[in-house]
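A short worksheet on the structure shown next.
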Amino acid sequence: MIFNLVSKDRIREVGPDRACVEWLMRCGAVVKFKNYERWQKDYNSLPPGDFEKYRIEMVDCTDSAVMSVGFRHFQNCNEVRWVRLKNAMYVTDEAVAKLEYLHSSLQHLEIVSCGNVSDKGLMSLQPLEHLKYLLLYNLPEVKDKEGCLRILREAFPECTIEYPENVTGKNKQDEKKT
Numbered sequence: 003m004i005f006n007l008v009s010k011d012r013i014r015e016v017g018p019d020r021a022c023v024e025w026l027m028r029c030g031a032v033v034k035f036k037n038y039e040r041w042q043k044d045y046n047s048l049p050p051g052d053f054e055k056y057r058i059e060m061v062d063c064t065d066s067a068v069m070s071v072g073f074r075h076f077q078n079c080n081e082v083r084w085v086r087l088k089n090a091m092y093v094t095d096e097a098v099a100k101l102e103y104l105h106s107s108l109q110h111l112e113i114v115s116c117g118n119v120s121d122k123g124l125m126s127l128q129p130l131e132h133l134k135y136l137l138l139y140n141l142p143e144v145k146d147k148e149g150c151l152r153i154l155r156e157a158f159p160e161c162t163i164e165y166p167e168n169v170t171g172k173n174k175q176d177e178k179k180t
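Heads up, the sequence shown is in the numbering used here, so the first residue is 3 and it goes up one at a time.
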């Protein structure tokens, strides 16, 4: 849990994006900076200075130890447009709700094999106003998949939502009408 704690002093020292990258990488996630081709996988290879130049664009939390207390790191990270939460065993409904910090930028979200995410967590996604793609898969605590999909479709009419055997979005809905 210590890896997930938010340090306001560190955020003041290096800025929100750098502090967030440090948290993510300590927990086993990888990140990609805006305008850079390669993913940052090694904490020790992070650029040593000029922190304001490096803005997080993409986050892959596959098999990581990120947990809800650390999601406050996303606050003021205004360029994150793509997030994958896959096999992240500590991700809960509370963590998913904190993705609201990314409401102004997040366009692509994948929540896959996160066994602690339920219907409540999926419903908390509604503030993500710019979401264009949502992948949901292997979420055993989601009990009313159809109900969740119906509400998410209404919340995100321009978003393609994929859930096993259920693909929806502006294009898929239009195909069903004809």
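Using N, Cα and C, we set each Cβ at its ideal position, and we do this for glycine too.
Within the stretch 76-149, complete alpha helix (DSSP H) segments of at least 4 residues are found at 95-99, 121-125, given in chain order. Here Met69 carries a coil assignment [DSSP, helix/strand/coil]. In terms of CA proximity to Leu130, Leu101 leads the group Lys122, Tyr139, Leu101. Under the three-state reduction of DSSP, Asp52 is assigned to coil, being neither helix nor strand.
Put simply, the stretch 107-123 touches the stretch 133-140. At least three CB pairs are less than 8 Å apart. Of the residues Leu108, Met60, Leu26, the one whose Cα lies closest to the Cα of Asp44 is Leu26. When the alpha-carbon of Ala157 is set against those of Ile58, Tyr135, Glu59, the nearest one is in Tyr135. A check of alpha carbon separations from Arg20 across Val8, Asp11, Ile58 identifies Ile58 as the nearest. Residue Cys22 holds the alpha-carbon nearest to the alpha-carbon of Val61 among Cys22, Asn78, Glu54, Leu48.
Residue pairing from DSSP places Lys34 in a beta bridge opposite Trp41, Met60.
Assignment of Glu160 by DSSP, reduced to helix, strand and coil, places it in the coil class.
Residues of the same chain with a CB within less than 6 Å of the CB of Thr94, apart from the 5 flanking positions on each side, are Ser70, Asn118 in chain order. Membership of Val16 in the alpha helix (DSSP H) is indicated by the continuous run 10-16.
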